[in-house]
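In the working numbering, the protein residues as written are 131 to 562. Below is one structure, written out as structure tokens; comments come after it.
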Ligand SMILES: [Zn+2]
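As structure tokens, then:
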């Protein structure tokens, strides 16, 4: 089990591996460097690698914290209607919250089906894309909503607030113990309540919020590029151009959510019309046809290798084989000079960055198939992406001393690159 230290004052890490050399690293009066203070705690590194904190360049903090209290309603844990019925039955609590639903379980989900599966308590289940929630009759009743099919889109104010506030502080500790000390929250349009929860959680992570309003200014939760959500059902050219223009006018880059080929082409056309500014990025870029690749120059693609691998069997079964090479590109984009960084997209993908590193290297689906040979990247490449600064994910990796966050591993870097695992994390020093 790893250990987390927050804002250590005086600490000496002896015999740690930094950039291939074995050195001692001193924290004195809360600053890196100088001579050790008498009586400072000493940790013997025994040649273990010392890294700056890892960054997760795209995740959803509130949804991940809430998902910790949710049941999983999709593959691989739930594959059939009867398994879903069973999972709902054994869930505890006054009401049931489920996530990760996919049609392969029991077809399109609606109120009637959910009533059949679990009529007794209010149930809400989120589709694995995150786009839509389905509520059963009891849940609709509780909210006072009449909606025949029980389907409500993400961000629908009628979804109301879940009575239990998600434990974001616990999530922050969990992330830190995985070595993650920077988090880019990719949730669009964070309201004042959500921002207050993020600030008050006093996380060990630096947080960048893509959904913060333009006038947001807070040292703990910083304003990032503006998230522009380009959902499949919301491909409106004028509003897209207006939103990109308006963000650039207030010196703010954009982070455009693109998951389809049409979405990508629309986003690229809008960026070409308005003009790209440093920091503009594409979230997911889940489908990139080959002739679009040169148009990605100057943008940063924020991809999710573990999410792609987790869904890989569905893709290999459902997607036209000719289109499979276009899915979740990483290696082929890098080979053509496009900046790409990995991320988790938790709670939709696994939170563990070490699993993300393995997926970036292996692209192995749950059934053991390979999704996109050309998209595999060495662990070193994906790790460098996690070490890239939160604010400039396309930039060079941070080094020990940049920022002050430190992650001490049990083993040298060479072993981490061969076998990335969370168990390697030994001690995490968060600068805050
Ligand atoms: Zn996301």
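C-beta: ideal position from N, C-alpha, C; glycine also. All of these numbers come straight from a predicted model, not from anything done at the bench.
Of 543, 557, 189 and 305, the smallest CA-CA separation from residue 179 is found for 543.
When DSSP states are grouped into helix, strand and coil, residue 472 belongs to the strand group.
A distance below 8 Å separates the beta carbons of residue 558 and residue 309.
Set against 7 Å, the gap from the CB of residue 316 to the closest heavy atom of ligand 1 is smaller.
162 is the residue among 162, 498 and 268 whose C-alpha sits nearest the C-alpha of residue 142. Going by DSSP, residue 194 is part of the alpha helix (DSSP H) stretching over 191–197. Secondary structure of residue 559 (DSSP, three-state): strand. For the pair of segments examined, the segment 405–412 was found to touch the segment 373–393: the number of CB pairs separated by less than 8 Å reaches three. Not one heavy atom of ligand 1 sits closer than 7 Å to the Cβ of residue 448. Of the heavy atoms belonging to ligand 1, none sits nearer than 7 Å to the Cβ of residue 456. Assigned with DSSP and collapsed to three states, residue 530 falls in coil, not helix or strand.
Excluding residues up to 5 positions away in sequence, 298, 299 and 302 lie with their Cβ nearer than 7 Å to the Cβ of residue 331 in the same chain. Here residue 488 is not near residue 506, since their CB atoms are 8 Å or more apart. Distances from the CB of residue 257 to the heavy atoms of ligand 1 are all 7 Å or more. Residue 212 counts as exposed, since fewer than 16 other beta carbons sit within 10 angstroms of its beta carbon. In the structure shown, residue 417 adopts extended strand secondary structure according to DSSP, grouped into three states. Look at residue 147 here: in three-state DSSP terms it is strand. Within the DSSP secondary-structure output, residue 256 pairs in a beta bridge with 263.
With a threshold of 16 other beta carbon atoms within 10 Å, residue 402 falls short and is exposed.
Around residue 217, the same chain offers 201 and 208 as residues with beta carbons nearer than 6 Å, after the five sequence neighbours per side are excluded.
Residue 464: member of the alpha helix (DSSP H) spanning 461–465, first to last residue.
Contact between residue 319 and residue 285 holds: CB atoms are separated by about 7 Å, below the 8 Å threshold.
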